[in-house]
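Chemist: Here this note's numbering is used: the first residue of the sequence shown is 1, the next is one more, and so on.
Note that the Cβ used here is the ideal one computed from N, Cα and C, for glycine as well.
Fair warning: this is a prediction, and the values are worked out from it, not measured in the lab.
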Amino acid sequence: MESHEKNVSVVGAALDPTRTDNMEMSIGANGIEAQPPKPKLKDLDDLLPYLGDFGWYQRILFLLMIPYAFFFAFVYFGQIFMTVVPEEHWCYVPELQGLSVEQRRHLSIPLIDNKYDKCSVYDVNWTEVLRNGTLQPNPEWGVRKCENRWEFNYSDVPYESIASQQGWVCERDNYPATAQAIFFCGGIAGGFIFGWIADKYGRIPALIGANLSGFVGGVGSVFTNDFWSFCVCRFIVGLAYDNCFIIMYIVVLEYVGLKWRTFVANMSIAVYFTFAACLLPWIALAVNDWKIYTLIISVPLVLAVLTPCVVPESARWLIAQGRIDEAIKIMQKCERINKKKIPDGVIEEFR
Numbered sequence: 001m002e003s004h005e006k007n008v009s010v011v012g013a014a015l016d017p018t019r020t021d022n023m024e025m026s027i028g029a030n031g032i033e034a035q036p037p038k039p040k041l042k043d044l045d046d047l048l049p050y051l052g053d054f055g056w057y058q059r060i061l062f063l064l065m066i067p068y069a070f071f072f073a074f075v076y077f078g079q080i081f082m083t084v085v086p087e088e089h090w091c092y093v094p095e096l097q098g099l100s101v102e103q104r105r106h107l108s109i110p111l112i113d114n115k116y117d118k119c120s121v122y123d124v125n126w127t128e129v130l131r132n133g134t135l136q137p138n139p140e141w142g143v144r145k146c147e148n149r150w151e152f153n154y155s156d157v158p159y160e161s162i163a164s165q166q167g168w169v170c171e172r173d174n175y176p177a178t179a180q181a182i183f184f185c186g187g188i189a190g191g192f193i194f195g196w197i198a199d200k201y202g203r204i205p206a207l208i209g210a211n212l213s214g215f216v217g218g219v220g221s222v223f224t225n226d227f228w229s230f231c232v233c234r235f236i237v238g239l240a241y242d243n244c245f246i247i248m249y250i251v252v253l254e255y256v257g258l259k260w261r262t263f264v265a266n267m268s269i270a271v272y273f274t275f276a277a278c279l280l281p282w283i284a285l286a287v288n289d290w291k292i293y294t295l296i297i298s299v300p301l302v303l304a305v306l307t308p309c310v311v312p313e314s315a316r317w318l319i320a321q322g323r324i325d326e327a328i329k330i331m332q333k334c335e336r337i338n339k340k341k342i343p344d345g346v347i348e349e350f351r
C-alpha cells in the first residue's frame, strides 16, 4: 500500500503542469504530454571550456596587455618627473653671477634656522655692493621676495623640469599639485565619455580614443609656455586615465576561463604595470630633459590605432548588440588557434 502511494506521488509530480524544471509539458490530443526541454542560450563563460580556459589565443591576448599597461603607467605617473623640483633653490640675482654659487648664496640669501631661505633675498643695490667689494651680508639689510627667478641645485634632480623652468616654487609651489588634480578631473570626465563610447560603439573604439587623448595631451604638454595651457593638456591626458588600459583589461578577461582570471588580472598589474612604473625615473634620468622625457612616454600611445588588427572586440558586447555572427567568428578564430572545437549544437544556440 505504501509503495503504491509512492508511485502515485511520483507520477503525479511528473504530470504536474506547474513543474518545469526537468521538462516542458503540453496538452495534446492524448492529454498531457512531456516535451524535451528547449535549449537555453549559453553565457559566454559556458563556451570557454570548449575553447580552452587559457590556450594560446588567451596567452597572446595576455601578452598584448603589455603595451597598454605601459601606457597606463606612463599616463598615471608621467607628470611626477615633468614637475619635480630640486630640494634646494634660492633667488636669482643677475648682478652676482660672476661669483661662485656659495659666495652669492652667502651674500644674497638670508638665513632662517641656519638654512638659506628659498623665497627671499636681501633688498639692496647689488651693483653698489660689488663696487664696495662687500662679500659679507649685513644683518641690517632689508629683505624682499624673489622676483620670479630662482637658481636650483640640480644635484638631486639632474635636469630642468617645467616647474623649475617656470618657477613653480614659493607662492606657486601648489601649481604641480593643482595640475595633477586637474588631470584627475580629466579622468572623471574620461570615464563618462569613453564609457558611453564603449557602450555605443564598442570597446575597441573607446580604447583607441582613450589612448589617442593621452597622446594628444602629452605631446601638447611639451609646447606649453604657461601654467594654464599646461593644465589644459593635463586634463586631456587625464581623459585617458585609466581607460587607456582598463578597457583592454576587461576585454581580455572576457576570453579567459574562470580558473585563470585571477592570475591574468593580478599579473597584468603586478608585473606589466609595475615594471613600466619602475622604468619612468630611469627614462627621466637618461634623457635629462623634461620635454624629451614627455615625448618618450606620450608618443607610443598613438600605437593604439593598431588595436583592431590584434585585439578582438568584446564578444559580450557584440552579443548584446545582436551581432551574433561577429561574436561567433571570434570564437571560431579562438578555436583554430587553441586547436579546440565547439560543438555545432552549441554554436547554433547563439544564432
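Specify the secondary structure class of L285 as computed by DSSP and reduced to three states.
Modeler: Helix, per DSSP.
Chemist: Tell me which same chain residues have a C-beta within less than 7 Å of the C-beta of Y154, skipping the five on either side of it?
Modeler: Here the set comprises P86.
Chemist: How close, in whole Å, do the beta carbons of G55 and N338 come, if the pair is a contact with beta carbons under 8 Å?
Modeler: The Cβ separation is near 3 Å, so the contact holds.
Chemist: Using 8 Å for Cβ pairs, my map puts G186 next to L258. What's the rounded Cβ distance?
Modeler: Wrong, their Cβ atoms sit about 35 Å apart, outside the cutoff.
Chemist: Do A179 and C231 have their C-beta atoms within less than 8 Å of each other?
Modeler: Cβ distance < 8 Å, so A179 and C231 count as in contact.
Chemist: Quick one: is K333 buried, meaning 16 or more other Cβ sit within 10 Å of its Cβ, or exposed?
Modeler: So K333 counts as exposed.
Chemist: Under a three-way DSSP split, which group does L111 fall into?
Modeler: Here L111 sits in strand by DSSP.
Chemist: Is DSSP giving R323 helix, strand or coil here?
Modeler: Correct three-state label for R323: coil.
Chemist: One question on the structure: do L47 and V346 come within less than 8 Å of each other, judged by their Cβ atoms?
Modeler: Contact flag set, yes.
Chemist: Report the partner residues of R59 according to the DSSP bridge assignment.
Modeler: Beta-bridge pairing links R59 to no other residue.
Chemist: Buried or exposed: which applies to R131, given that a residue is buried once 16 or more other Cβ atoms fall within 10 Å of its Cβ?
Modeler: Looking at its Cβ environment, which holds fewer than 16 other Cβ atoms inside 10 Å, R131 is exposed.
Chemist: Just to confirm before moving on: does the CB-CB distance between A276 and F62 stay below 8 Å?
Modeler: Not closer than 8 Å, so no.
Chemist: In terms of DSSP beta bridges, what is F194 paired with?
Modeler: DSSP output for F194 lists no bridge partner at all.
Chemist: Under DSSP, the beta strand (DSSP E) around S161 begins and ends at which residues?
Modeler: Where S161 is concerned, there is no enclosing beta strand (DSSP E), given that its DSSP letter is neither H nor E.
Chemist: By the three-class DSSP mapping on this structure, what secondary structure does F74 have?
Modeler: DSSP places F74 in helix when its eight states are reduced to three.
Chemist: Are the CB atoms of L295 and F81 within a distance shorter than 8 Å?
Modeler: Contact flag unset, no.
Chemist: Closest to G220 by CA distance: which of A210, V237 and P205 is it?
Modeler: The option with the nearest alpha carbon to G220 is V237.
Chemist: Just the C-alpha distance for E102 and W228, rounded to the nearest angstrom, thanks.
Modeler: Cα to Cα, the separation comes out at about 35 Å.
Chemist: Can you tell which of W282, R316 and F223 has the C-alpha that lies nearest to the C-alpha of M331?
Modeler: If we check each option's Cα against that of M331, R316 comes out closest.
Chemist: What span of residues does the beta strand (DSSP E) with V310 cover, start to end?
Modeler: First-last for V310: T307 to V310, but that is the alpha helix (DSSP H), not the beta strand (DSSP E).
Chemist: Whose C-beta lies closer than 8 Å to the C-beta of G142 among residues of the same chain, with five residues either side of it excluded?
Modeler: Counting only Cβ-Cβ distances below 8 Å, and skipping sequence neighbours, we find Y122, D123 and V124.
Chemist: Using DSSP with H/G/I as helix, E/B as strand and the rest coil, what is R149?
Modeler: R149: coil per DSSP, three-state reduction.
Chemist: Could you say if the region 165-184 and the region 201-210 meet the contact criterion of at least three C-beta pairs nearer than 8 Å?
Modeler: They do not touch, by the three-pair rule.
Chemist: Give the single residue among D53, E147, E151 and E128 whose Cα lies nearest to the Cα of E88.
Modeler: The shortest C-alpha separation from E88 is found at E151.
Chemist: Give the range of the alpha helix (DSSP H) segment to which V237 is assigned.
Modeler: Counting along the chain, the alpha helix (DSSP H) containing V237 begins and ends at F227 to G238.
Chemist: Alpha carbon to alpha carbon, what distance is there between L64 and W290?
Modeler: Rounded to whole angstroms, W290 to L64 spans 29 Å at the Cα level.
Chemist: May I have the straight-line CA-CA distance separating Q166 from E254, to the nearest angstrom?
Modeler: So the two alpha carbons sit approximately 47 Å from each other.
Chemist: Could you give the first and the last residue of the continuous alpha helix (DSSP H) run that contains V244?
Modeler: Checking the sequence, you will find Cys at residue 244 rather than Val. That run of the alpha helix (DSSP H) goes N243 to Y255.
Chemist: Since V121 is in the beta strand (DSSP E), which residue starts that stretch and which ends it?
Modeler: Per DSSP, V121 belongs to the beta strand (DSSP E) from S120 to Y122.
Chemist: G133 to Y116, Cα distance in whole Å?
Modeler: Rounded to the nearest angstrom, the two C-alpha atoms are 22 Å apart.
Chemist: According to the neighbour-count rule (16 or more other Cβ atoms, all chains shown, within 10 Å of its Cβ), is E335 buried or exposed?
Modeler: Classification of E335: buried, given that the 10 Å Cβ count is 16 or more.
Chemist: For P312, I'd like the list of residues in its chain whose CB is within less than 6 Å of its CB, leaving aside the five on either flank, ordered along the chain.
Modeler: Closer than 6 Å at Cβ, skipping near neighbours: I330.
Chemist: Assuming D53 and V264 are in contact, meaning their beta carbons sit under 8 Å apart, how far apart are those beta carbons, in whole angstroms?
Modeler: Contact flag wrong, Cβ pair sits at about 10 Å.
Chemist: For A69 versus F223, is the C-beta spacing smaller than 8 Å?
Modeler: In this structure, F223 does not lie closer than 8 Å to A69 by Cβ.
Chemist: Within the continuous alpha helix (DSSP H) that includes W290, where are the two ends?
Modeler: Here the alpha helix (DSSP H) through W290 covers W290 to S298.
Chemist: Report the option in I193, L99, P158 and P94 whose CA atom is closest to the CA atom of C146.
Modeler: It is P94 whose Cα lies nearest to the Cα of C146.
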